[in-house]
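Per the numbering used here, the very first residue in the first sequence carries number 4; after that it's consecutive.
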Amino acid sequence: MAFALVDCESFYASCERIFRPDLKNVPIVVLSNNDGCVIARSTEAKKMGIAMGVPWFKVRESFLKQNGKVFSSNFTFYGDISARVMNILEGFVPRVEIYSIDEAFLDLDTLKQNYNLYDFGCHIRSLVRQWTGIPVRIGIAPNKTLSKIAINEIKRKNIPTSVIDLSNKKQIEIALQHTPVGKVWGVGRRLNDHLNNAGINTALDLANVNPQNIRKKFSVVLERTVRELRGERCLNIEDDISSKKQIVVSRSFGERVSNLETLKPIVSNFAVRAAEKLRSEKQKCSQVSVFVRTSPFNKNKPQHSDLRTIGLLTPTSDTRDILAAAKKGLLPIFRSGYDYAKAGIILNKFTNEHVKQHSLFKDPNDPKQNTKLMKYLDQMNSYETQIYYASQNTKKWS
DNA sequence: TCTGGGGTCCTAGGACCC
DNA sequence: TCTGGGGTCCTAGGACCC
């Protein structure tokens with residue numbers, strides 16, 4: 004009974020290194036949109052004390068002085084490398100759950116032969132490295148939560164092969180003992196504080212609490228975590244390609260925005276992008292939400308944040324419908340006198356593109372319902388041509 | 001001066017129904 | 001005038017993840 008968690012080391016930084024062998028051993032950081040903050044660091048950069056999520060301006064000077072290399076993020080590229088890694092993993096076992104851009108769970112129970120799991124892990128690691136250039140860590144354990152703990156153990160003990168088989172009870176207990184409860188998968192900052200107040204400081208402490216009490220005092224979610232720490236299996240490998248339930252397009256602005264006329268085209272851009280994503284998922288949505296917010300870091304300025312949800316009579320993936328809803332949602336939440344720092348569009352309530360649900364109030368033969376136009380636009384926009392809606396801002400905001 | 005973006009799941013509470 | 005209780009569905013918001 005074992006799962007493996009395959010986790011790419013410093014993924015974005017490792018991607019940047021693939022075609023730049025000269026960057027070996029050089030500290031690397033990758034920055035978020037607008038070069039706002041650090042979202043990935045190579046091992047060398049971590050050693051320099053660069054924290055995850057730290058605002059770039061705070062560390063820039065010292066990092067560059069120490070000959071660090073900095074990159075703006077290139078998610079198309081990272082996505083492409085990720086797909087290659089995942090593809091290789093899928094060649095090893097029949098059941099793989101792609102959990103995030105840089106992580107996958109493998110169901111080792113489905114292995115036909117009785118491999119030594121540690122050796123099997125080393126084999127996977129070496130082939131992924133050879134075929135993609137990406138170094139991975141592999142944590143093997145009885146369930147997902149413990150495989151996360153296994154990955155932490157590789158880091159903590161600095162295991163040179165980057166592979167660990169954490170199946171032995173005693174070994175698991177030692178690992179739990181060394182894991183602060185806040186590092187357990189599913190325990191965030193809030194829960195960490197509450198647990199610490201209750202005298203629960205390590206993963207082992209948490210494992211030793213009665214799961215039913217945890218459920219009463221906290222939630223079913225944490226109860227599952229406790230059970231998994233104790234070795235039970237509550238979370239399964241989800242390898243069915245389930246479609247998204249939500250699409251979000253949002254950005255922090257390069258400069259604060261305080262008037263509606265500037266904000267409108269920005270939000271329109273988000274709406275257009277969201278509709279494109281929706282069509283590429285082959286889905287329609289019947290709910291569009293718009294949100295705006297000021298910067299929570301700007302403590303001495305007035306704060307405002309609001310969200311408005313617009314329901315649609317008929318599920319749609321037509322950009323014009325999404326745009327109209329976005330405008331309708333934006334107007335009532337915008338207030339003058341605030342410096343907005345971020346806005347976004349959220350699409351919800353999806354139905355499959357081919358399910359036709361006629362509205363009582365809309366004529367299904369209305370040529371406006373024709374999806375061909377949207378297809379042509381998507382095709383054209385995927386080449387050099389860019390077709391814009393009049394309400395969009397043609398400046399690059401993405 | 002400059003602080004990311006895109007997701008999931010759960011729950012409390014309101015609306016509505018009988 | 002007296003004014004129940006239980007169920008479902010939906011939504012907003014919180015907490016978490018990478």
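We treat Cβ as the ideally placed atom computed from N, Cα and C, and that holds for glycine. A quick note: this is a predicted structure, and the numbers were derived from the prediction, not measured.
task = Tell me, to the nearest whole angstrom, how far the beta carbon of Met377 is from that of Asp324; I am working on the premise that it is less than 8 Å.
result = Contact flag wrong, Cβ pair sits at about 10 Å.
Checklist entry - Apart from the five residues on each side of it in sequence, which residues of its chain come closer than 6 Å, Cβ to Cβ, to Ile240? => result Arg98, Glu100, Phe108 and Asp110
**OP:** Give a yes or no on whether the C-beta atoms belonging to Ala5 and Leu130 are separated by under 8 Å.
**Re:** no
- Query: DSSP on Asp83, reduced to helix/strand/coil?
  - Reply: helix
_Measuring only the C-alpha atoms, how far is Lys331 from Tyr343?_
18 Å
**Beta-ladder partner(s) of Ser150, from DSSP** = Answer is none; Ser150 lacks a bridge partner.
- Output the distance between the C-alpha atoms of Leu334 and Leu266, rounded to the nearest integer angstrom. If you take the alpha carbons of Leu334 and Leu266, they lie about 10 Å apart.
Whole-angstrom C-beta distance between Ile175 and Leu194, which should lie under 8 Å:
Actually they are not in contact, since the Cβ atoms of Leu194 and Ile175 sit about 21 Å apart, beyond 8 Å.
If I follow the unbroken alpha helix (DSSP H) through Ile177, where does it start and stop?
Lys172 to Gln180
Ile31 vs Glu12 beta-carbon contact at 8 Å
no
Review point. Which two residues bound the contiguous alpha helix (DSSP H) that contains Phe123?
Key: Leu120 to Thr135
Which residue comes first and which comes last in the alpha helix (DSSP H) that contains Arg236?
-> Premise fails: Arg236 is in no alpha helix (DSSP H) and is neither H nor E.
Taking the beta carbon of Val166 as the centre, do at least 16 other beta carbons fall within 10 Å, making it buried, or is it exposed? buried
Q: Check Glu64 in the structure and name its three-state DSSP category.
A: helix
Quick check on this structure: which residue in Ile154, Leu26 and Ala328 has the alpha carbon closest to the alpha carbon of Asn351? Among Ile154, Leu26 and Ala328, the Cα nearest to that of Asn351 belongs to Ala328.
Please classify Arg159 as buried or exposed, where buried requires at least 16 other C-beta atoms within 10 Å of its C-beta. exposed
**OP:** Compare the Cα-Cα distances from Ala7 to each of Tyr102, Ile244, Leu67 and Met51 and report the closest residue.
**Re:** Of Tyr102, Ile244, Leu67 and Met51, the smallest CA-CA separation from Ala7 is found for Tyr102.
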